[in-house]
Amino acid sequence: MALSPTFDIDAPRWDQTTFMGRLKHFFNITDWRTALLPDSRDLGEIQARSVPPGTTEEQLHYAKKLYDSAFHPDSGDRMNIIGRMSFQVPGGMAITGCMLQFYRTVPAVVFWQWVNQSFNALVNYTNRNAASPITPKQIGVAYATATSTALATAVGLNLYTKRAPPLVARWVPFAAVAAANCVNIPMMRQQEILNGIAVTDENGNKLGHSQKAAVKGITQVVISRITMAAPGMIILPIIMQRLEKYKFMQVRSPHPLNS
Numbered sequence: 181m182a183l184s185p186t187f188d189i190d191a192p193r194w195d196q197t198t199f200m201g202r203l204k205h206f207f208n209i210t211d212w213r214t215a216l217l218p219d220s221r222d223l224g225e226i227q228a229r230s231v232p233p234g235t236t237e238e239q240l241h242y243a244k245k246l247y248d249s250a251f252h253p254d255s256g257d258r259m260n261i262i263g264r265m266s267f268q269v270p271g272g273m274a275i276t277g278c279m280l281q282f283y284r285t286v287p288a289v290v291f292w293q294w295v296n297q298s299f300n301a302l303v304n305y306t307n308r309n310a311a312s313p314i315t316p317k318q319i320g321v322a323y324a325t326a327t328s329t330a331l332a333t334a335v336g337l338n339l340y341t342k343r344a345p346p347l348v349a350r351w352v353p354f355a356a357v358a359a360a361n362c363v364n365i366p367m368m369r370q371q372e373i374l375n376g377i378a379v380t381d382e383n384g385n386k387l388g389h390s391q392k393a394a395v396k397g398i399t400q401v402v403i404s405r406i407t408m409a410a411p412g413m414i415i416l417p418i419i420m421q422r423l424e425k426y427k428f429m430q431v432r433s434p435h436p437l438n439s
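Each residue of the sequence shown is one higher than the one before, starting from 181 at the first, in this note's numbering.
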């Protein structure tokens, strides 16, 4: 059975010229539940534009959702699970929680910042622009530079804040993450900055390549990554700092910050 004429496999389900349309689209492909599902044969069927008789349009949309979450939009290659955007919520939350909890000692700071940067590097590589390939050497340099930046920022600030108010020390992980994002993302996507990205008109016709568009896009990615991390890594420490004043938290914490 061929696909329904009203169903466009190559087009997003929602209008991408509107903010709400883009928001719904990215909520759809970043749904963490899809990371837990095995790859369905529906993915191959929808890619081949042939589906079993009786398939509803809603089922087609669901199959496309699984496909979009598991396969690279440019190359069509299957992405590793950890690098998928659908794994960002559970993976990012777990690592962020560990960075906020284990920040008192230098070894703990080093370990969790390394884990976070390794995770970020894998995500950035998995979701790279297939039209701007990056060499293994460039990937290694980007990873080493971002990890070094995060570690230097975290360890340096951790030592500096020994005499600062306890709350300031809790914000060190966020400063390290912000600094690393400013290095990691541009380094991982340096080919786009050097060679530019394809620019098209409203009909999808390629007009050429633009370095300015690449710089603008990557800058927005850096800002968005930092902004997304800010609420959890800035507000949660304030909440934890206040909770640790209560006895039920002090019983569970052998070394409360305010002791």
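Yeah, the Cβ is synthetic: ideal placement off N, Cα and C, and Gly gets one too.
Could you give the DSSP three-state label for residue i: helix, strand or coil?
| i | result |
| --- | --- |
| Gly388 | strand |
| Arg258 | strand |
| Thr380 | strand |
| Phe206 | helix |
| Phe267 | helix |
| Gly201 | helix |
| Leu217 | coil |
| Gly412 | helix |
| Gln281 | helix |
| Arg194 | Looking at the sequence shown, residue 194 is not Arg but Trp. Here Trp194 sits in coil by DSSP. |
| Pro346 | helix |
| Gly272 | helix |
| Gly234 | coil |
Using alpha carbons as the reference points, say which of the options lies closest to residue i.
| i | options | result |
| --- | --- | --- |
| Gln297 | Ala356, Thr235, Leu217 | Ala356 |
| Val401 | Gly412, Arg369, Thr329 | Arg369 |
| Met259 | Ala332, Ile373, Gly272, Thr214 | Thr214 |
| Gln281 | Ala349, Thr306, Phe299 | Ala349 |
| Ala358 | Leu416, Leu331, Glu424 | Leu331 |
| Leu339 | Pro287, Cys278, Ala409 | Pro287 |
| Gly272 | Met420, Met413, Lys425 | Met413 |
| Val290 | Pro353, Gly256, Leu416 | Pro353 |
| Ile373 | Gly384, Asn385, Gly397, Ala360 | Gly397 |
| Ser404 | Asn383, Ile365, Asn385 | Ile365 |
| Leu246 | Met420, Trp212, Asn361 | Trp212 |
| Ala324 | Asn361, Gly336, Thr341 | Asn361 |
| Leu302 | Met279, Leu416, Ala322, Ser328 | Ala322 |
| Pro253 | Pro192, Val363, Pro411, Gln318 | Pro192 |
| Met420 | Trp292, Trp351, Pro316, Thr399 | Trp351 |
| Val395 | Met367, Leu416, Asp248, Lys386 | Met367 |
| Thr315 | Asn307, Gln371, Val335 | Gln371 |
| Met408 | Ser249, Gln268, Asp257, Pro233 | Gln268 |
| Pro411 | Trp292, Gly277, Thr306, Thr327 | Gly277 |
| Ala334 | Leu217, Gly234, Trp292, Ala243 | Trp292 |
| Pro270 | Gly336, Leu216, Thr235, Ile406 | Leu216 |
| Thr327 | Asn385, Leu387, Val363 | Val363 |
| Phe251 | Tyr242, Thr306, Gly234 | Thr306 |
Taking the beta strand (DSSP E) that residue i falls in, what are its first and last residues?
| i | result |
| --- | --- |
| Ala324 | Premise fails: Ala324 lies in the alpha helix (DSSP H), 316-340, not in any beta strand (DSSP E). |
Here's the rule: buried if 16 or more other CB atoms are within 10 angstroms of the residue's CB, otherwise exposed. What is residue i?
| i | result |
| --- | --- |
| Thr380 | exposed |
| Gln196 | exposed |
| Ile275 | buried |
| Phe199 | exposed |
| Glu237 | exposed |
| Arg284 | exposed |
| Phe206 | exposed |
| Leu203 | exposed |
| Ile209 | buried |
| Asp248 | buried |
| Gln417 | First, the amino acid is wrong: residue 417 is Pro here, not Gln. Counting Cβ neighbours within 10 Å, Pro417 comes out buried, since at least 16 surround it. |
| Leu240 | buried |
| Thr329 | buried |
| Arg308 | buried |
| Leu337 | buried |
For the alpha helix (DSSP H) that residue i lies in, which residues bound it at each end?
| i | result |
| --- | --- |
| Lys245 | 237-250 |
| Met420 | 416-423 |
| Met368 | 352-368 |
| Gln293 | 286-306 |
For residue i, verify whether its CB is less than 7 angstroms away from any heavy atom of the ligand FAD.
| i | result |
| --- | --- |
| His205 | Judged by which ligands are present, the structure shown has none, so any question about the ligand FAD falls away. |
With a cut-off of 8 angstroms, does the C-beta of residue i fall near any C-beta of chain D?
| i | result |
| --- | --- |
| Phe299 | Within the model displayed, chain D is absent; a lone protein chain is all it includes. |
Q) With contact counted as at least three CB pairs below 8 angstroms, one residue from each stretch, are the stretch 386-396 and the stretch 366-378 in contact? A) yes
Q. Below 8 angstroms, can you find three or more Cβ-Cβ pairs linking the stretch 259-274 to the stretch 345-364?
A. no
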